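For reference, the structure discussed in these notes is given below.
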Amino acid sequence: MVAALLFTITAFISLGGMAGKADKVIAARQDTLDAKAETKKRIDELLEERAVLRFTRTTQEAVDASKRLADAATAARAAECGNGDARQRGNNCRAKETAEGNEIASYARAQRDKASTDRADAIDSELKALRAQRLGNGGSVGAADPLAAVLEKALGAWATVLTSTWKMVTAVGFDLALVMLAIGIERLGDHRAGKPMNERRADTSRPEKTQAIEAEPTEQVLPASLHPKLVASNEAPTGSVRAIITANLAAAKGARVEIAELGERYKVVCRAQGKRAVPPAEFVTAVAQFCTKLGLKLKDVDDQLYLMDVQLTEVRETA
Numbered sequence: 009m010v011a012a013l014l015f016t017i018t019a020f021i022s023l024g025g026m027a028g029k030a031d032k033v034i035a036a037r038q039d040t041l042d043a044k045a046e047t048k049k050r051i052d053e054l055l056e057e058r059a060v061l062r063f064t065r066t067t068q069e070a071v072d073a074s075k076r077l078a079d080a081a082t083a084a085r086a087a088e089c090g091n092g093d094a095r096q097r098g099n100n101c102r103a104k105e106t107a108e109g110n111e112i113a114s115y116a117r118a119q120r121d122k123a124s125t126d127r128a129d130a131i132d133s134e135l136k137a138l139r140a141q142r143l144g145n146g147g148s149v150g151a152a153d154p155l156a157a158v159l160e161k162a163l164g165a166w167a168t169v170l171t172s173t174w175k176m177v178t179a180v181g182f183d184l185a186l187v188m189l190a191i192g193i194e195r196l197g198d199h200r201a202g203k204p205m206n207e208r209r210a211d212t213s214r215p216e217k218t219q220a221i222e223a224e225p226t227e228q229v230l231p232a233s234l235h236p237k238l239v240a241s242n243e244a245p246t247g248s249v250r251a252i253i254t255a256n257l258a259a260a261k262g263a264r265v266e267i268a269e270l271g272e273r274y275k276v277v278c279r280a281q282g283k284r285a286v287p288p289a290e291f292v293t294a295v296a297q298f299c300t301k302l303g304l305k306l307k308d309v310d311d312q313l314y315l316m317d318v319q320l321t322e323v324r325e326t327a
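Numbering (this note's numbering), first residue to last: 9 to 327.
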């Protein structure tokens with residue numbers, strides 16, 4: 009009676025364990041399929057983004073060199089044209105202004121190409137990692153139950169019934185063997201101790217004592233409070249690029265304003281306000297950020313950089 013009860017219990021436990029294992033295998037297989045689908049989707053998105061990038065590969069050294077040329081052109085223009093007074097303009101002032109505009113435009117293009125180069129390199133690195141990850145997943149995903157898949161091809165609808173029956177027979181046979189083995193061991197008894205198994209004494213050995221180690225308290229040192237330092241400066245403040253170009257630009261469909269011309273207007277307004285003009289590099293960066301925020305377009309025409317669909321307003325007199 010006890011053996012029959014033990015057999016019934018172990019049989020149901022084995023069948024439940026097999027069903028639970030099958031569910032885990034199916035769930036793991038689905039997770040693998042979902043991960044592969046996400047990886048493929050991300051690879052396709054990166055390939056599309058990489059395909060639309062149009063740029064000339066540029067290094068940081070090239071950008072720095074372009075910035076130095078722009079600064080040199082600005083210094084040469086200032087030496088030839090003075091501080092804007094017509095009486096200080098030399099014979100080559102207009103040529104120096106044109107050269108300064110060209111160098112500023114070249115510096116802006118170098119910055120755009122460097123940003124596109126960095127993005128392309130990042131896309132290539134991510135694509136390489138995703139492809140390695142996809143190869144590391146082991147290629148294609150097999151069936152959750154290979155035996156059921158083979159029988160389904162051979163027997164069709166009968167495959168499910170046959171597979172389930174085979175699993176049940178295997179589990180019952182295995183459990184029956186375990187029960188018979190347990191009965192045999194019980195009949196033989198424990199010859200090592202000379203007593204039946206149910207009379208063996210339990211181990212009464214005491215567990216080893218463990219000594220708790222207390223950590224020494226550590227003193228927390230609080231950082232000294234930081235006090236702001238007041239720095240006095242007699243240097244005139246710089247003019248706000250965003251505020252000045254906003255006040256001096258107006259929307260005009262089909263019109264365009266050269267970046268160099270916009271830079272000259274910025275310097276004129278700064279002089280009128282008694283403020284310093286920022287360096288050309290900072291001016292170009294601020295204009296690029298301003299255009300990105302407002303959705304304005306920059307266009308390169310004959311090596312000259314233009315702001316599209318805007319025009320300069322009239323110079324306002326400043327008291």
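Every residue gets a Cβ at the ideal spot worked out from N, C-alpha and C, and that includes glycine. Quick caveat, the model's predicted, so the values are computed rather than measured.
| Asked | Found |
| --- | --- |
| Look at the alpha carbon of L238 and the alpha carbon of E56, and state the distance between them as a whole number of angstroms. | Caution is warranted here: a pLDDT of 46 is assigned to L238, below 50, making its placement in the model unreliable, and the coordinate value is therefore given only provisionally. Each residue's alpha carbon lies about 52 Å from the other. |
| Once you ignore the five residues that flank A258 on each side, which residues in its own chain have a CB closer than 6 Å to its CB? | Q319, T321 |
| Looking only at C-alpha atoms, which of P245, M316, C299 sits nearest to R284? | P245 |
| Taking Cβ to Cβ, would you say A116 is nearer than 8 Å to V286? | no |
| Going by the CB atoms, is the gap between L61 and E134 shorter than 8 Å? | no |
| To the nearest angstrom, report how far apart E108 and L304 are at their CA atoms. | 23 Å |
| Determine whether the beta carbon atoms of V249 and V323 lie at a separation below 8 Å. | no |
| Just mark R50 as buried or exposed, buried being the case when its beta carbon has 16 or more other beta carbons within 10 Å. | exposed |
| Suppose you measure from the CA of K44 to the CA of A140; what does that come to, to the nearest Å? | 12 Å |
| Cutting at 6 Å between CB atoms, please list the residues of its own chain near F63, excluding the five before and the five after it. | D121, S124 |
| If you draw a straight line from the C-alpha of D211 to the C-alpha of L189, how long is it? | Confidence is the limiting factor: at D211 the pLDDT is only 48, short of 50, which leaves the residue's position unreliable, though a coordinate-based value still follows. One C-alpha to the other measures close to 25 Å. |
| So, helix, strand or coil for S233, using DSSP? | For S233, the predicted model reports a pLDDT of 45, less than 50, meaning its position is unreliable and no value from the coordinates is stated. |
| Starting from the C-beta of E290, find all residues in its chain whose C-beta is less than 8 Å away, skip the five residues before and the five after it, and write them out in chain order. | V249 |
| With DSSP run on the structure shown, which of helix, strand or coil describes G271? | helix |
| Exposed or buried, K301, counting other C-beta atoms within 10 Å across all chains shown (16 or more means buried)? | exposed |
| What does the alpha-carbon distance come out to for the pair Q312 and N256? | 20 Å |
| Does D308 come out as helix, strand or coil in the three-state DSSP assignment? | strand |
| Return the chain-ordered list of same chain residues with a C-beta closer than 6 Å to the C-beta of D308, the five sequence neighbours on each side being excluded. | none |
| Comparing alpha-carbon positions, which option in R97, V71, Q297 lies nearest E111? | V71 |
| Report the start-end ranges of each beta strand (DSSP E) in the segment 82–114 that is 3 residues or longer and not cut off at the edges. | none |
| Which of the three DSSP states, helix, strand or coil, is assigned to V318? | strand |
| Count the other C-beta atoms from every protein chain shown that fall within 10 angstroms of the C-beta of K104, then say buried if there are 16 or more, exposed otherwise. | buried |
| State the Cα-Cα distance for the pair C89 and T67, rounded to the nearest angstrom. | 33 Å |
| Identify whether K261 lies in helix, strand or coil by the three-state DSSP scheme. | strand |
| Could you give the DSSP three-state label for R284: helix, strand or coil? | strand |
| Do you know how far the Cα of S74 is from the Cα of S114? | 7 Å |
| Going by alpha carbons, who is nearest to G247 out of A263, A137, A59, A294? | A294 |
| In terms of residue numbering, what span does the alpha helix (DSSP H) encompassing A244 cover? | Where A244 is concerned, there is no enclosing alpha helix (DSSP H), given that its DSSP letter is neither H nor E. |
| In the DSSP assignment, find the alpha helix (DSSP H) that holds R250 and state where it starts and stops. | 249–256 |
| By the 10 Å Cβ neighbour count, where 16 or more other Cβ atoms means buried, how is G98 classified, buried or exposed? | exposed |
| Taking only the alpha-carbon atoms, compute the straight-line gap between D317 and L143 and give it to the nearest angstrom. | 50 Å |
| Alpha carbon to alpha carbon, what distance is there between A130 and K278? | For the sequence presented, residue 278 should be read as Cys rather than Lys. Between C278 and A130, the C-alpha separation is close to 40 Å. |
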